[in-house]
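Here is the structure we will look at.
Protein chains in written order, with the working numbering: chain A, 1 to 191; chain B, 192 to 717; chain C, 718 to 910.
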């Protein structure tokens, strides 16, 4: 039980997928202008990542085995693409507003390097099924956490007296960099 | 001892009330002219029913209420109406509004008055009488009182009378309570009767011991008039600004909170100012419409005092009675916290005028320059409406009106406590006023746009329908022509047949041309 | 080799089945985006965007054919709202569209009007009352200020009156105050004089 908790904390804070591993920056910068969009995106990514981690473990362990390990990347991408399509349809049905708000970034979860990265990291770390699920969920929760924090800061920056040359993306990048620095402070939390 | 509650925040500015309570209420002499605005109350302006040249009597109706939320306007004294035109009024914009200018003839001839016994009339009849008597809230908002007496399904348990007068410098309600407590108490009973409330609680701040004593005496002395089964009580509340705000007063006395966006009547409470209660008494028991009110003249004057002033008195004449000192540079209508700087001292006194402060650079030094917000949250500590003023300021100054509304911008009562404590001297309330009026203007524009969209869609549908109808008519005519041709029984020679065919074709083409010509007239191309 | 092909084919078939099932179960209708864009536009129906009305312009924006900076009555704010709605960058007015003008209302000079009904047909919101050979007049409350009636009038009797600021439509202005100590002292000294 403690193992799973440690994996979760490690994935959310110490090895935060965006801030420490610097993966998944595209939706992080693109969807974090509004808080509601960020929360929606985080929720969608959590759903996709958890499913993707679980199904990619099953495929890798039972279907591919050691012989067909060269098909890992290909099969993972196909599975992720399918799951993201499914998620998009679910979101469009349940919340057309969120679908509208997320726009192009919803299908772009397919190309989110974090969403491919976590199953591959699972393979590399030789996690079992439950560990994979927890790592996937933790990674996505860390992604959501950081997105929400960043979106809140960007909303504040909207009304702030930012110099003209820094307005918009520039100040966002600076903020993201400073946030990444602060997350480095978590290293050493878990031995 | 009644249990009292607290509202969040509040401040203790210096009260500056003793200057104007030394003398009793004096009667202001008849001014040289009266400028009576027709829009002195919340809601729709009154419609003038007199014209220039008319002679009017004291208390005669000169403005008819127009619309559901509206009130009447009366001539404050007998005289001649010299003009109904745009005059400068006390408004922050400095723009003029429609006013009736009245030159008094000095005779003070009353119009025929009709006192009523309130107990023998229905509430609806009494409300109509108050509407036609021009009775509006005299606490500052000037909301027509007859609307406040309309209650829905909610039972009103408590009628609260607001005698708190929390703002510094203002003492008109204090003096009114000291001198006319009997009228206030009887007016309160009339209001209680109309609302069918169980109890009447008069809230007075504890810095007014004489007023509290006078009211208590009035309640005891008028025992016959008040319905004994209902409780009438004077509640002394702690002195804190803005304890006189309706929602704050209700919370202190009853412990109930009026929910955001709701009215006090939704929780079974209604709140009236003590001066309004006094006016209701005079309107019903004496038949007198609202013609005058008590106004405090204070600040940079020789003799600060309260005056009984006719509505429409130019403020210059009023301030002259108290003797404004020579270094007075501007005048404030209202108190130092929520008052409005007057565009000119020539504007008339209206039903909402409770105080005029003569300001000088010494008395009210100009504020230091404002500095950026440091998010110290001292404003949050004092906000009586439990809001986040620093966030509201942030969103108002960056024009993010959506977020401002999420943070309950419209619950702000604009009391000014936040600006008072801000260490950066930021004029916070100005930002909230700007944001509120901007949001209201946008909602109005959106409403107009939605109406325009509906009209445009109907316009398009109408054109479609007309086109269809024309096509149907043409088809029907052609069918009729065909039927007529088939119906003829005489066998025809080839020549006659050709002639008849030609005839029918000619007729059809003539009909077509007529059709096109007609449509050209109604819908020309281009 | 064969096993690899079989594995990929199996994955593809399973995913295809799941997605096919989902496409039927989670089917949605319509394109609400056009309505959302139309809700943001000011409904002046003036045609300054080079489309015959606000709904056609909204459809063009949704289809990606039109830019968001073509609507002068919406002003810069309208462009910002469209940018927020669509998640694109704000773009200021270009050189091919007119600059935003203050809101105005049309007014017919009744002494010159000849009752030809040309303006009535031109008005996109039916804000002109009248009939052939009868007096025409503008319903000011419904007029959107689109100016489509001004051109067809053969006697040039329609003029656009800017809506002036009255007490009923007055707004508090954006507070401007000085943060500079020296400047503030100067302003105070000037006011005291």
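The beta-carbon is built from N, C-alpha and C at its ideal position, and this holds for glycine as well.
- With a threshold of 16 other beta carbon atoms within 10 Å, residue 844 (chain C) meets it and is buried.
- For residue 428 (chain B), no alpha helix (DSSP H) segment is defined; the enclosing uninterrupted segment is the beta strand (DSSP E) at 422-428.
- Contacts between residue 810 (chain C) and chain A, judged by CB atoms closer than 9 angstroms, are missing: the closest CB pair is about 19 angstroms apart.
- Shortest Cα-Cα distance from residue 740 (chain C) to any of A:159, A:93, A:111 and A:118 involves A:93.
- Residue 203 (chain B) is not bridged by DSSP to any residue.
- For residue 158 (chain A), the neighbours in chain B by C-beta distance under 8 angstroms run, in chain order, 589 and 591.
- Between the segment 415-435 of chain B and the segment 286-306 of chain B, the count of C-beta pairs closer than 8 angstroms stays below three; the two stretches do not touch.
- Runs of the beta strand (DSSP E) lying entirely within the segment 856-881 of chain C and spanning at least 3 residues, in chain order: 875-879.
- Counted as a single uninterrupted DSSP element, the stretch harbouring residue 277 (chain B) is not any alpha helix (DSSP H) but the beta strand (DSSP E) occupying residues 270-279.
- In the DSSP assignment, residue 483 (chain B) is bridged to B:501.
- Beyond the five residues adjoining it in sequence on each side, residue 797 (chain C) comes within less than 8 angstroms, by CB distance, of 807 in the same chain, given in chain order.
- Residue state for residue 390 (chain B) is assigned as strand, using DSSP reduced to three classes.
- Counting along the chain, the unbroken alpha helix (DSSP H) around residue 472 (chain B) starts and ends at 465-476.
- Between residue 483 (chain B) and residue 501 (chain B), the gap from beta carbon to beta carbon is short of 8 angstroms.
- Here residue 82 (chain A) carries a helix assignment [DSSP, helix/strand/coil].
- For the pair residue 278 (chain B) and residue 344 (chain B), the Cα-to-Cα distance works out to about 43 angstroms.
- In the structure shown, residue 518 (chain B) falls within a coil segment according to DSSP collapsed to helix, strand and coil.
- For residue 506 (chain B), the enclosing alpha helix (DSSP H) covers residues 506-513.
- Any Cβ of chain C closer than 8 angstroms to the Cβ of residue 540 (chain B) would place that residue at the interface, and such an atom is absent.
- Between residue 21 (chain A) and residue 15 (chain A), the alpha-carbon positions lie close to 6 angstroms from each other.
- In chain C, no part has a C-beta under 8 angstroms from the C-beta of residue 80 (chain A); the shortest such distance is about 10 angstroms.
- Residue 65 (chain A) carries a coil assignment under DSSP once its states are collapsed to helix, strand and coil.
- Between residue 609 (chain B) and residue 570 (chain B), the C-beta gap is smaller than 8 angstroms, which places the two residues in contact.
- Given a length threshold of 3 residues, each whole run of the beta strand (DSSP E) inside the segment 334-420 of chain B is given here in chain order: 349-354 and 390-396.
- Residue 274 (chain B) and residue 549 (chain B) have their alpha carbons spaced roughly 30 angstroms apart.
- Beta-bridge pairing by DSSP links residue 102 (chain A) to no other residue.
- In this model, residue 130 (chain A) and residue 105 (chain A) are separated by some 29 angstroms (Cα to Cα).
- Contact annotation for residue 103 (chain A) against chain C: 804 [CB-CB distance below 7 angstroms, chain order].
- Linking residue 773 (chain C) to residue 637 (chain B) through their CA atoms gives a straight-line distance of about 19 angstroms.
- The Cβ of residue 47 (chain A) sits no closer than 8 angstroms to any Cβ of chain C.
- Restricting attention to A:186, A:64, A:60 and A:108, the CA atom closest to the CA of residue 128 (chain A) is found in A:60.
- Counting only runs that start and end inside the segment 529-568 of chain B, the beta strand (DSSP E) elements of at least 3 residues fall at 546-551.
- Interface flag for residue 562 (chain B) against chain C is set, since a Cβ pair is found closer than 8 angstroms.
- Contact of residue 624 (chain B) with chain C by beta-carbon distance below 9 angstroms involves 889 and 892.
- Secondary structure of residue 301 (chain B) (DSSP, three-state): strand.
- Residue pairing for residue 254 (chain B): DSSP places it in a beta bridge opposite B:239 and B:264.
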